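Count along the sequence shown starting at 1, add 5, and that's the number in our numbering.
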Amino acid sequence: MSDRPGPDRFPALIEFTDVAMTFRDAGRSFRAIDGLSLTIPRGQFCCVVGPSGCGKSTLLNMVAGLLEPTRGQVRYDGKPVAGANTRVGYVTQKDNLLPWRTVRANVRLPLELRGVGKAETDRRTDEVLDMVGLSGFGDAYPRQLSGGMRKRVTLARTLVYEPEVILADEPFGALDSQLRTVLQGELLGLRARTEATVLFITHDLGEAIALGDRVLVMSARPSRVLLDEPVTLPRPRDVRTARFDPEYARLHETLWAALSPEVETGVPA
Ligand SMILES: Nc1ncnc2c1ncn2[C@@H]1O[C@H](COP(=O)(O)OP(=O)(O)OP(=O)(O)O)[C@@H](O)[C@H]1O
Ligand SMILES: [Mg+2]
Numbered sequence: 006m007s008d009r010p011g012p013d014r015f016p017a018l019i020e021f022t023d024v025a026m027t028f029r030d031a032g033r034s035f036r037a038i039d040g041l042s043l044t045i046p047r048g049q050f051c052c053v054v055g056p057s058g059c060g061k062s063t064l065l066n067m068v069a070g071l072l073e074p075t076r077g078q079v080r081y082d083g084k085p086v087a088g089a090n091t092r093v094g095y096v097t098q099k100d101n102l103l104p105w106r107t108v109r110a111n112v113r114l115p116l117e118l119r120g121v122g123k124a125e126t127d128r129r130t131d132e133v134l135d136m137v138g139l140s141g142f143g144d145a146y147p148r149q150l151s152g153g154m155r156k157r158v159t160l161a162r163t164l165v166y167e168p169e170v171i172l173a174d175e176p177f178g179a180l181d182s183q184l185r186t187v188l189q190g191e192l193l194g195l196r197a198r199t200e201a202t203v204l205f206i207t208h209d210l211g212e213a214i215a216l217g218d219r220v221l222v223m224s225a226r227p228s229r230v231l232l233d234e235p236v237t238l239p240r241p242r243d244v245r246t247a248r249f250d251p252e253y254a255r256l257h258e259t260l261w262a263a264l265s266p267e268v269e270t271g272v273p274a
């Protein structure tokens, strides 16, 4: 039996209905997204690829309630998103660690805010720091870390409280390929255990296929969904060997054929 969640097994959790997002800056308006409709069922691992600047981070910001669409509606669990959406965990593109707190204190914060007891908080913090390969850096401050390490702390701070939805904005982009492979495996393991819904942005088509139940290709600005492909690789998956599956090669071709003209469109002349 497949353990892959699908629209038939789970109801819609995140819904975009005819969403447009226009930024106004210094008297100029700038259309980032236009006519975006999209439904993400509960439990799905949905990957999003698209040219730089097409609006991928904007998409996540709208689910997190940090941005309101200029037209259309974003709904979460049947209700319009209004204000900060505390039910999602967000690994942002830029890390936003608290500089005055150590690595351990940054990672513990979501558990402290939720009133989790000290012993449980200590245990989960140590576990997740170990998972991201930072157990030796608990007492360091963010300024003492490399970019990739800071990104891993951001990831740990989200995973530590096992949110029902993980929004991840290129979480592994700054990491070397070995570490990336390890963390991809950890994310799949955690997601299988917690049944979290994942909305995952990446520039790496291979990563999108190896991790996702589905890959969306966004167009260049104004952005909309250009291609919506299911990934039929079986689960549980080994991210190291997924690329040897013929389905991986077929999908890679299909996604690249849709994405490459958009990347060229997105490059300023
Ligand atoms: N607050 C803002 N004010 C004005 N323009 C913005 C704002 N936020 C985003 N934009 C513009 O909207 C477009 C989409 O931005 P966004 O950050 O969502 O792109 P992206 O797809 O995540 O890009 P990348 O792959 O480079 O991270 C960009 O052209 C950006 O300049
Ligand atoms: Mg972005």
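Glycine residues also receive a C-beta, built at the ideal position from the N, C-alpha and C atoms. Remember, it's a predicted structure, so these values are computed and weren't measured experimentally.
Item	Value
C-beta atoms of Thr27 and Thr75 nearer than 7 Å	yes
Closer than 6 Å: Lys61 CB and nearest ligand 2 heavy atom	yes
Distance cut-off 6 Å: Gln149 Cβ against heavy atoms of ligand 4	Annotation note on ligand 4: not contained in the displayed structure, which lists ligand 1 and ligand 2 as its ligands.
Beta carbon of Thr126 nearer than 7 Å to that of Leu116	yes
Per-residue burial, Phe21 [other beta carbons within 10 Å of its own, 16 or more giving buried]	buried
Ligand 1 heavy atom lying under 6 Å from the CB of Gly77	no
Ala274 (DSSP reduced to helix, strand or coil)	In this prediction, Ala274 scores a pLDDT of 45, lower than 50, which makes its location untrustworthy; no coordinate-derived value is stated.
Exposure label - Pro46; buried when at least 16 CB within 10 Å	buried
Residue range of the beta strand (DSSP E) that includes Asp135	Per DSSP, Asp135 belongs to no beta strand (DSSP E); it is in the alpha helix (DSSP H), 123–136.
Ligand 2 heavy atom lying under 6 Å from the CB of Gln98	yes
Nearest-angstrom beta carbon gap, Pro147 and Arg155 [assumed within contact, 8 Å]	6 Å
Arg249 to Asp30 span [Cα, whole Å]	The amino acid at residue 249 is misidentified as Arg; the sequence shows Phe. So the two alpha carbons sit approximately 47 Å from each other.
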